[in-house]
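Scroll down for the structure; my scribbles are underneath it.
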Amino acid sequence: MSSPLRVFAMLFRIRHSLHYRYDRPVFFEPLTLRLTPRQDSSQRLLHHNLEVEAPPSGLSSGLDADGNASQVVWFDDLRDRLDLIVTMEVETLLDNPFDWIITDPAVASLPARYDDATALSLSPFLAQDPVDPAVATWAAELAAGVGQTTAPFLMALADGIHHGFHHVGRPDGDPMQPAETLAGRSGACRDTAILYVAACRSQGLAARFVSGYSMHHPPEVTEQELHAWAEVYLPGAGWRAYDPSLGLAVAAGHVALASAPDHRRAAPVSGSYRGTGVGSTMDYRVALQAVSR
0 MSSPLRVFAM
10 LFRIRHSLHY
20 RYDRPVFFEP
30 LTLRLTPRQD
40 SSQRLLHHNL
50 EVEAPPSGLS
60 SGLDADGNAS
70 QVVWFDDLRD
80 RLDLIVTMEV
90 ETLLDNPFDW
100 IITDPAVASL
110 PARYDDATAL
120 SLSPFLAQDP
130 VDPAVATWAA
140 ELAAGVGQTT
150 APFLMALADG
160 IHHGFHHVGR
170 PDGDPMQPAE
180 TLAGRSGACR
190 DTAILYVAAC
200 RSQGLAARFV
210 SGYSMHHPPE
220 VTEQELHAWA
230 EVYLPGAGWR
240 AYDPSLGLAV
250 AAGHVALASA
260 PDHRRAAPVS
270 GSYRGTGVGS
280 TMDYRVALQA
290 VSR
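Just so we're aligned, residue 0 is where the sequence shown starts under numbering that gives the first Met the number 0, counting upward by one.
What follows is the structure, given as structure tokens:
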């Protein structure tokens, strides 16, 4: 008789606060908040509480266009500050990140080719425009080095970025362009995640950007912060995650908040305000505890 399947789990307790300040009162357009961890076969949300101070005029919950849990908040007054405080408990369940097979031979080798129906569903995550030639050439060389085989390519790509790049902490700003990150062999986690996505797309693989949290503490980061990595779609395996800044196939040590074709649609807060010439600041704190279960 076979032994019962052992499921390795981690319990995350997370407190994420964001504080916005303005020189004078402004009017907020409706804001979209993606601060609710997703629920799937790899993680389970046990507790979630969102505080908006001062309370908004209204709040609704739903799924955004990319299937992420989100809240939309709106206001009917002027204010010079906004505080968002989220507390959550999440159980992560993925023990072995390699317990899968690719069921389509046309995706198991590179460049990958999805069947027409799958490609239609995945079109937002495939290359819409030609990938920068430098990134495409680099990815092709990596693919050739592993015999044009998809699974080894995904790990070689993550490992190559982890060991071959200088990883920096850069709390503000959009990701750099993939070619810029590649040329400088340097970047923050969101830069290397975007590079990973572009390299995969250049080989015909559907890939997306993921934001969330990790129990692993990169040496370039002095305190906990929002983290970024990538996911790749493999028939038979589904979406599988890789963290190029850490050189990992993602397992129970990560909590995913949101995923999307680009970083803007996976941002924890999206929106704007009305106020000409108003200066603003944003400060955030992430406190995270992770224990084995």
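All residues carry an ideal CB built from backbone N, CA and C; glycine is no exception.
- Residue burial is scored here from C-beta neighbours: W99 has fewer than 16 other C-beta atoms within 10 angstroms and is therefore classed as exposed.
- Annotation: L256 is outside any alpha helix (DSSP H); the continuous beta strand (DSSP E) that includes it extends over 253 to 259.
- Non-local C-beta neighbours of R189 in its own chain, meaning closer than 7 Å and more than five positions away in sequence, comprise P174, A227, H262, ordered along the chain.
- Less than 8 Å divides the Cβ of S258 from the Cβ of V209.
- Ranked by Cα distance from T86, the first of L34, Q42, W73 is L34.
- Under the three-state reduction of DSSP, P151 is assigned to helix.
- As the crow flies, the alpha-carbon of A236 is around 11 Å from that of V106.
- C-alpha of P96 to C-alpha of G274: approximately 47 Å in a straight line.
- Per DSSP, S271 lies in no beta strand (DSSP E) and is assigned neither H nor E.
- By the neighbour-count definition (other C-beta atoms within 10 Å, threshold 16), L62 is an exposed residue.
- The three-state secondary structure of R169, taken from DSSP, is coil.
- The DSSP assignment places complete beta strand (DSSP E) segments of no fewer than 3 residues inside the segment 179 to 215 at 206 to 213, in order along the chain.
- As a beta-bridge residue in DSSP terms, I13 pairs with M87, L287.
- Secondary-structure assignment with DSSP links T102 through no beta bridge to anything.
- The closest CA to that of F27, considering only A142, H47, G57, D39, is found on G57.
- Under a 10 Å Cβ-count criterion, V72 is classified as buried, with 16 or more other Cβ atoms of the shown protein chains found around its own Cβ.
- Taken through DSSP and simplified to helix, strand or coil, R263 comes out as helix.
- Of the candidates D103, Q127, L109, the residue whose Cα lies closest to the Cα of A116 is D103.
- DSSP places A68 inside the beta strand (DSSP E), whose first and last residues are 68 to 73.
- DSSP lists L247 as the beta-bridge partner residues of D242.
- With a contact defined as Cβ atoms closer than 8 Å, Q202 and A142 qualify at about 6 Å.
- Pairing E230 with S213, the inter-Cα distance amounts to about 15 Å.
- Within the DSSP bridge table, the entry for W228 names V209 as partners.
- Using a 10 angstroms sphere on the CB of H15, the tally of other CB atoms reaches 16 or more, which defines it as buried.
- Apart from sequence neighbours up to five positions away, the residues of its chain that approach S271 with a beta-carbon distance below 7 Å are E28, ordered along the chain.
- Residue environment: D242 is assigned as buried (16 or more neighbouring CB atoms within 10 Å of its CB, all protein chains considered).
- S69 is classed as buried because its beta carbon has at least 16 other beta carbons within 10 Å across all chains shown.
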